[in-house]
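**Q** I am attaching a structure below and will ask some questions about it afterwards.
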Amino acid sequence: MTIGSHNPDSMLDSTCHYLCVPHASLVVAAGVFLPTRTFQTRSVSPRELRAVKTQYALSREPRSVPSRRAPPPPPPPPPQPPRGSDPAAVAPSTPQPPQGLSRRRTASADHQPSPSGAATASLARERIRRRGEADSGPEEREALPFWQRTWFLALLLAMAAASFALALLLYLGLDLHVAAPAQSYAADPDTVVEITYGSVIKLMHERTKFRLHSHDVPYGSGSGQQSVTSFPNVDDANSYWIVRPQPDSSAKQGDPIIHGTIIRLQHMRTRKWLHSHLHASPITGNLEVSCFGGENESDTGDYWRLEIEGSGKTWRQDQRIRLRHVDTGGYLHSLDRKYTRIAGGQQEVCGVDDKRPDNLWLAAEGVYLPVIPRK
76 MTIGSHNPDS MLDSTCHYLC VPHASLVVAA GVFLPTRTFQ TRSVSPRELR AVKTQYALSR
136 EPRSVPSRRA PPPPPPPPPQ PPRGSDPAAV APSTPQPPQG LSRRRTASAD HQPSPSGAAT
196 ASLARERIRR RGEADSGPEE REALPFWQRT WFLALLLAMA AASFALALLL YLGLDLHVAA
256 PAQSYAADPD TVVEITYGSV IKLMHERTKF RLHSHDVPYG SGSGQQSVTS FPNVDDANSY
316 WIVRPQPDSS AKQGDPIIHG TIIRLQHMRT RKWLHSHLHA SPITGNLEVS CFGGENESDT
376 GDYWRLEIEG SGKTWRQDQR IRLRHVDTGG YLHSLDRKYT RIAGGQQEVC GVDDKRPDNL
436 WLAAEGVYLP VIPRK
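Note that the sequence shown covers residues 76 to 450 in the working numbering.
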C-alpha cells in the first residue's frame, strides 16, 4: 500500500486499522515520508488504536511535559562572599525561609518549580508561609513588651478597682450622712440673715461667749427636771435649739419673728422645751431654768417673749436680744459661776428679775430657714 501526499490526521485514521511490518515499501511516522517499502497488514484492536493516537498527539505538542516522577534538580549552591567583604553586603537577595522549620519545609521552599506547576508551587509557598507564622507566633508574642501582652487584664483590673472605690465612697457617704450630727452653718457677715420659725440655732451669751446648752441630766435640787447650762465649746450637738411659735399662733415655718412675739425654744436632742418656774437655781439661788415637757406636752412655763435690742422690728442674726419669761418675768441669764461636779466647767443659766447689760444673747451657728413670703 502506497501513501501519497494527504492530510496526516485523516491518513492516520484510515491507515491505523493495520499494523505496518518491514515488508512494505513506505511507512508513516510522525507525519514524515520514508523510502517506499512493502508492508504486510493485519487488524489492530481498539486499545492499540487509542495508544497510537495518544502517541501521535503527544508528538505534535510544541513542548514536552516533564514526568511527575522525575526528581527535582538540586538547588544551586549559595554564592561564597569574597574575602575581606561584608557578608551582609553580598547576601543573596532571595527571601530566606522562616526560622524554626524542619528540613523538609526548607527543601520545599528552596525547590524551584517548573513553569507548568506554577499554581501548585504558589499554593505550596502559601502553605509554608502560614506554617512559619504559626511556628513563630509564640516567639513574637514573647518578644512584645509586657504591657502589650497584658493590656486587657490590666484594663479589667482597673475597672474592678474603680467600681470598688465608687461603691466604697457611696457607702461611706450614706453612712456619714445618717450618723453625723447636724452641721452648724455660720452666716455670712455681709448678708443679713432673718431668724424664722423652724430655724435651728445656737444662742450665745454675749459677754461670756458660752452657748445655751442642755443634756439629759437632772438637777440634784429644786425641781429635779432636766438641767440647763451654758457650754464653752462651739462644736457641741447638745446646744441646738429649734425656734417654735406658741401653740395657738397662726405663724408658720419660714415666717419672720417680730419684736415682742412669744416664742418657744425646743431642745433638738431631747425634744424638751426651755422652761422656768419659781424654783431656786443650784448656785446663785435665782430663778431655775430647766427643760421640761415633750412634743405634745407644753404649757405657759415654756413661753418666752422676744425683746430686740435697738431699733429693729424683726429678729436678725446680727441683733442682740433678750428673752423674758412670761410667767415669772425673769430674763434669761448666764454668769461665770461654774459647776464643779457632773457639769464641770459649765456655767449656770438662770432667770434674773432686772434688765442688765450682761443678759443679752446673739444667734450664732445654726441652720436658718429662708423667709417664705405670704400672700
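Even for Gly, the Cβ is constructed at its ideal location relative to N, Cα and C.
Check the DSSP bridge columns for Leu241 and list the partner residues they point to.
**A** Residue mapping note: residue 241 aligns to position 166 of the sequence shown, counting from 1. For Leu241, which the question treats as bridged, DSSP gives no partner whatsoever.
**Q** Assuming Phe367 is part of the beta strand (DSSP E), what are its boundary residues?
**A** Here residue 367 refers to the residue found at position 292 of the sequence shown. Segment 362-367, the beta strand (DSSP E) holding Phe367.
**Q** Going by beta-carbon coordinates alone, are Arg270 and Trp390 separated by less than 7 Å?
**A** Here residue 270 is taken as the residue at index 195 of the sequence shown, counted from 1. Here residue 390 is taken as the residue at index 315 of the sequence shown, counted from 1. The displayed chain sequence assigns Ile, not Arg, to residue 270. It is a contact, given that the beta carbons lie within the stated cut-off.
**Q** Mapping DSSP to helix, strand and coil, what is Phe227?
**A** Counting from 1 along the sequence shown, the entry for residue 227 is found at position 152. If DSSP states are grouped into helix, strand and coil, Phe227 belongs with the helices.
**Q** Of the residues Asp411, Gly329, Ala126, which one's Cα is nearest the Cα of Ser305?
**A** Residue 305 sits at position 230 when you count from the first residue of the sequence shown. For the residues Asp411, Gly329, Ala126, the minimum Cα distance to Ser305 belongs to Asp411.
**Q** Measure the Cβ-Cβ separation of Arg380 and Ile337 and say whether it is below 7 Å.
**A** Taking the first residue of the sequence shown as position 1, residue 380 is located at position 305. Taking the first residue of the sequence shown as position 1, residue 337 is located at position 262. Yes; because the gap between Cβ atoms is below 7 Å, this pair is in contact.
**Q** Give the DSSP bridge partners of Leu437, in chain order.
**A** Taking the first residue of the sequence shown as position 1, residue 437 is located at position 362. Paired residues: Met279.
**Q** Between which two residues does the beta strand (DSSP E) containing Val56 stretch?
**A** Residue numbering for the chain in the displayed model covers 76 to 450; residue 56 lies beyond these limits and cannot be assessed.
**Q** Classify Tyr378: buried if its beta carbon has 16 or more other beta carbons within 10 angstroms, exposed otherwise.
**A** Within the sequence shown, numbered from 1, the residue matching residue 378 stands at position 303. The residue in question, Tyr378, is buried, as its Cβ has 16 or more Cβ neighbours within 10 Å.
**Q** Taking buried to mean at least 16 other C-beta atoms within 10 Å of its own C-beta, is Ser325 buried or exposed?
**A** Residue numbering aside, residue 325 sits at position 250 when the sequence shown is read from its first letter. Looking at its Cβ environment, which holds fewer than 16 other Cβ atoms inside 10 Å, Ser325 is exposed.
**Q** Would you list the one or two residues that DSSP bridges to Ala355?
**A** For the purposes of this step, residue 355 is identified with residue 280 of the sequence shown, where counting begins at 1. Leu362, per the DSSP bridge assignment.
**Q** Since Gly365 and Val303 should fall inside the 8 Å C-beta cutoff, what is the C-beta to C-beta distance between them, to a whole number of angstroms?
**A** Stepping through the sequence shown from its first residue, residue 365 is reached at position 290. Stepping through the sequence shown from its first residue, residue 303 is reached at position 228. One point to set straight first is that residue 365 is Ser, not Gly, in the sequence displayed. Sure, about 6 Å apart at Cβ, within 8 Å.
**Q** May I ask you to report which of helix, strand or coil DSSP gives Glu384?
**A** Mapped onto the sequence shown, residue 384 falls at position 309. It is coil, neither helix nor strand.
**Q** Quick check on this structure: which residue in Trp226, Tyr406, Val267, His280 has the alpha carbon closest to the alpha carbon of Gln422?
**A** Counted from its first residue, the sequence shown places residue 422 at position 347. The option with the nearest alpha carbon to Gln422 is His280.
**Q** For Leu437, which option in Pro152, Phe285, Ser120, Leu133 has the closest C-alpha, if you only look at C-alpha atoms?
**A** As a position in the sequence shown, residue 437 is number 362, starting the count at 1. Out of Pro152, Phe285, Ser120, Leu133, Phe285 has the C-alpha closest to the C-alpha of Leu437.
**Q** In whole angstroms, what separates the C-alpha of Leu278 from that of Val309?
**A** Indexing the sequence shown from 1 puts residue 278 at position 203. Indexing the sequence shown from 1 puts residue 309 at position 234. Roughly 11 Å between the two C-alpha positions.
**Q** Flag Val303 as yes if its beta-carbon sits less than 7 Å from any beta-carbon of chain B, otherwise no.
**A** Among the chains in the structure shown there is no chain B, since it carries only a single protein chain.
**Q** If you run the structure through DSSP and keep just helix, strand and coil, what is Glu201?
**A** Position 126 of the sequence shown, counted from the start, is the residue given in the question as residue 201. Glu201: helix per DSSP, three-state reduction.
**Q** Smallest Cα separation from Gly404: which of Gly376, Lys388, Ala240?
**A** For the purposes of this step, residue 404 is taken as the residue at position 329 of the sequence shown. Cα-wise, what sits closest to Gly404 is Gly376.
**Q** Let me make sure I understand the geometry here. Which of Asp323, Thr345, Gln328 has the alpha-carbon closest to that of Pro293?
**A** One-based indexing of the sequence shown puts residue 293 at position 218. Residue Thr345 is the option with its Cα nearest to Pro293.
**Q** Given a cut-off of 7 Å, decide if Leu407 and Ser274 are closer than it, judged by their beta-carbon atoms.
**A** Residue mapping note: residue 274 aligns to position 199 of the sequence shown, counting from 1. Residue mapping note: residue 407 aligns to position 332 of the sequence shown, counting from 1. No; because the gap between Cβ atoms is not below 7 Å, this pair is not in contact.
**Q** Between Cys425, Leu435, Phe367, which lies nearest to Pro357 when the distance is taken from Cα to Cα?
**A** Counting from 1 along the sequence shown, the entry for residue 357 is found at position 282. Of Cys425, Leu435, Phe367, the residue nearest in Cα terms is Cys425.
**Q** In whole angstroms, what separates the C-alpha of Phe114 from that of Gln130?
**A** Residue numbering aside, residue 114 sits at position 39 when the sequence shown is read from its first letter. Residue numbering aside, residue 130 sits at position 55 when the sequence shown is read from its first letter. Model confidence at Phe114 stands at a pLDDT of 48, short of 50, so the residue's coordinates are unreliable and nothing is read from them.
**Q** With a 10 Å radius around its C-beta and 16 neighbouring C-beta atoms as the bar for buried, classify Leu243 as buried or exposed.
**A** By 1-based counting over the sequence shown, the position of residue 243 is 168. When all chains shown are included, Leu243 counts as exposed.
**Q** Out of Leu349, Arg431, Asn371, Gly441, point me to the one whose CA is closest to Val392's CA.
**A** Here the question's residue 392 lines up with position 317 in the sequence shown. Note on identity: in this sequence residue 392 is Gln, with Val being the wrong assignment. Measuring from the Cα of Gln392, the nearest candidate turns out to be Gly441.
**Q** With DSSP run on the structure shown, which of helix, strand or coil describes Gly297?
**A** Position 222 of the sequence shown holds residue 297. Gly297: coil per DSSP, three-state reduction.
**Q** So, with DSSP's three-state summary, where would you put Arg391?
**A** Your numbering for residue 391 matches position 316 in the sequence shown. Looking at Arg391 - three-state DSSP - the assignment turns out to be strand.
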